[in-house]
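Written below as structure tokens is the structure these notes are about.
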Amino acid sequence: MKYLMFVCTDTEPDTDRSDWPDVEAWVAENDARGRRLAGERLAEPSAATTVRVRNGQLLVSDGPFAETKEVIVGFDLLECADLDEAIEVARTHPMARGGRIELRPFADLDE
Numbered sequence: 055m056k057y058l059m060f061v062c063t064d065t066e067p068d069t070d071r072s073d074w075p076d077v078e079a080w081v082a083e084n085d086a087r088g089r090r091l092a093g094e095r096l097a098e099p100s101a102a103t104t105v106r107v108r109n110g111q112l113l114v115s116d117g118p119f120a121e122t123k124e125v126i127v128g129f130d131l132l133e134c135a136d137l138d139e140a141i142e143v144a145r146t147h148p149m150a151r152g153g154r155i156e157l158r159p160f161a162d163l164d165e
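Positions 55 to 165 (my numbering) are the ones given, in order, by the sequence shown.
Rendered as structure tokens:
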């Protein structure tokens with residue numbers, strides 16, 4: 055089952071990251087196990103462009119649309135047997151210690 059794992063952090067993190075596990079080591083381990091299919095870090099929220107269509111009008115704005123204290127800083131595409139395995143993979147991600155990891159299964163459009 056495929057899961058999209060959003061990696062989020064506070065806009066002003068106050069956590070000392072010196073004792074966090076290495077993200078590159080996490081990537082290498084999960085790539086080797088075939089659980090991580092893809093993933094990337096994202097540019098700063100200020101580089102975002104928000105696209106909306108309202109009443110037939112295209113609305114484009116710079117930056118994120120929502121005011122939030124957390125931002126998505128990256129993502130990983132996981133292949134796991136089930137949610138329990140996806141949670142285990144997310145639990146070991148370094149950003150789970152000071153940020154937030156959100157898991158979402160891909161929708162089954164055949165249902």
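Using N, Cα and C, we set each Cβ at its ideal position, and we do this for glycine too.
Keep in mind it's a predicted model, so treat the numbers as computed, not measured.
Beta-carbon proximity of residue i to residue j, cut-off 7 Å
i	j	result
VAL114	VAL105	yes
MET55	ALA144	no
LEU157	ALA140	yes
CYS62	ARG154	yes
ASP64	LYS123	yes
Residue i in three-state terms, based on DSSP
i	result
ASP138	helix
GLU83	helix
GLU78	helix
Cross-strand partners of residue i (DSSP beta bridge)
i	result
LEU132	TYR57 and ARG90
SER115	THR104
PRO159	TYR57
Candidates the options: closest to residue i by CA position
i	options	result
ALA92	VAL107, GLY128 and GLY152	GLY128
ALA79	PHE160, ASP64, MET149 and ALA161	MET149
Buried or exposed (CB count within 10 angstroms, at least 16 for buried), residue i
i	result
ASN109	exposed
LEU132	buried
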